[in-house]
Amino acid sequence: MYIDSHCHINFPELAARMPDILAQMAHNKVTHALCVSVDLPDFPQVLALAHQYPHIYASVGVHPDYEDTPEPTVEQLVALADDPKIIAIGETGLDYFRLEGDLEWQRERFRTHIKASRITRKPLIIHTRSASEDTIRIMREEGAGTEAGGVAGVMHCFTESLEVAKAAIAMGFYISFSGIVTFKSAKELQAVALELPLERILIETDSPYLAPVPYRGRMNEPGFVAHVAEYIAKLKGVPVEEVAAQTTANFRTLFNVAE
Ligand SMILES: [Zn+2]
Ligand SMILES: [Zn+2]
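If you count by my numbering, then the sequence shown holds residues 2 to 260, one letter each, in order.
This is the structure:
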């Protein structure tokens, strides 16, 4: 039994295929998925999915790549997170790969989310790309980690170095691997996954993007997270059942959800 810790099934290409997606999840023994919010206008749909389906959880947040979108305040995020199916704040973080120029607004938005996480006691879903130094620095400055009174969270779709992973883990964070880890070219990332203890790992699809091998290039969906788990099991030389059980337990511990 697997949990997809990060997907975007509210995006139209997936939302239009919900019956198929749920059937594929059941077929691949994916019991739950966390539908991650990327902006405030889309949030009602994300929340509606979580209310409609018992095995879909949701988050509230505004993605760092969304420039022309309503800016959330701490109070707004705290208010929107006040629902039992909203189990996380995000996705948030920094992305210096997709956007250029003065990105102070991105850093301010990230700080807003960390403040909301500390108030709501709901963990952060952090996206970081070409910005790991500033990401870790702001996490420290705003007290995102458990050592600073925060509730930590997950570094999602991780593609950074072992050093960055260890810095996040030292703050109580988990590291989530997507289908990228299954790509032939991802040798460095595979070395990171091999090094990290299973106790700190989550698995995700980030669907509709980044389908794992053997579906690379196709539209991704939560059911395919089983292939990420299979790959990590092979990499570590452990039974896939162990990866399934441990990553599921990690998800439940981090997001404080019972079975
Ligand atoms: Zn992301
Ligand atoms: Zn995402």
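Glycine included, each C-beta is placed from N, C-alpha and C at the ideal position. It should be emphasised that the depicted structure is a prediction, and the values quoted were computed from it without experimental measurement.
Which residue marks the beginning of the beta strand (DSSP E) containing residue i, and which one marks its end?
i      : result
Phe252 : No beta strand (DSSP E) holds Phe252; the alpha helix (DSSP H) holding it covers Val241 to Phe256.
His128 : Leu125 to Arg130
Ala59  : Ile57 to Val61
Val31  : Val31 to Cys36
Ile204 : Ile202 to Ile204
Determine which residues share a DSSP beta bridge with residue i and list them.
i      : result
Val301 : No answer is possible for residue 301: the residues shown for the chain start at 2 and end at 260.
Tyr210 : DSSP output for Tyr210 lists no bridge partner at all.
Thr93  : Ile127
Asp5   : Ala34
Ile87  : Ala59
DSSP state of residue i, grouped into three classes?
i      : result
Leu100 : coil
Tyr54  : coil
Met140 : helix
Ile115 : helix
Pro65  : coil
Val39  : coil
Phe184 : coil
Arg217 : coil
Cys10  : Correcting the residue identity first, residue 10 is Ile in this sequence and not Cys. Here Ile10 sits in coil by DSSP.
Thr121 : helix
Pro71  : coil
Ala49  : helix
Ala168 : helix
Glu109 : helix
Glu222 : coil
Ala260 : It is Glu, not Ala, that sits at residue 260 in the sequence shown. Of the three classes helix, strand and coil, the one that applies to Glu260 here is coil, per DSSP.
Looking at the unbroken alpha helix (DSSP H) that takes in residue i, where does it start and where does it end?
i      : result
Val193 : Lys188 to Glu196
Ile233 : Val226 to Lys237
Asp21  : Met19 to His28
Ser162 : Here Ser162 belongs to no alpha helix (DSSP H), and DSSP marks it neither H nor E.
Leu199 : Neither: Leu199 is in no alpha helix (DSSP H) and is coded neither H nor E.
Ala145 : Premise fails: Ala145 is in no alpha helix (DSSP H) and is neither H nor E.
Leu81  : Val75 to Leu81
Leu15  : Pro13 to Ala16
Output yes if chain C places a C-beta closer than 9 Å to the C-beta of residue i; else output no.
i      : result
Phe256 : Protein chain content of the structure displayed is limited to a single chain, and chain C is not contained in it.
Measure how close the beta-carbons of residue i and residue j come, nearest whole angstrom, since I'm counting them as under 8 Å.
i      : j      : result
Leu195 : Lys237 : 6 Å
Lys1   : Val152 : Past the edges of the chain, shown from 2 to 260, lies residue 1, and the structure says nothing about it.
Ser177 : Ser6   : 5 Å
Glu222 : Ile22  : 5 Å
Arg130 : Tyr175 : The Cβ separation is near 18 Å, so there is no contact.
Lys30  : Ala259 : The Cβ separation is near 19 Å, so there is no contact.
Ile137 : Gly91  : With a Cβ gap of about 16 Å, Ile137 and Gly91 do not count as contacting.
Val241 : Ala230 : 6 Å
Val261 : Tyr58  : Here the chain comprises residues numbered 2 to 260, so residue 261 is not present and cannot be evaluated.
Ala51  : Cys36  : 6 Å
Ser118 : Ala145 : 7 Å
Glu101 : His157 : At roughly 22 Å, the Cβ-Cβ gap does not stay under 8 Å, so Glu101 and His157 are not in contact.
Pro71  : Leu41  : 5 Å
Gly224 : Met26  : 5 Å
Gln77  : Leu95  : No, Gln77 and Leu95 are not in contact; Cβ-Cβ is about 20 Å, not under 8 Å.
Pro213 : Gly180 : 3 Å
Gly154 : Leu125 : 3 Å
Query raised in the report: Closer than 6 Å from C-beta to any heavy atom of ligand 2: which residues, in chain order?
Result: His7, His9, Val37, Glu92 and Asp207
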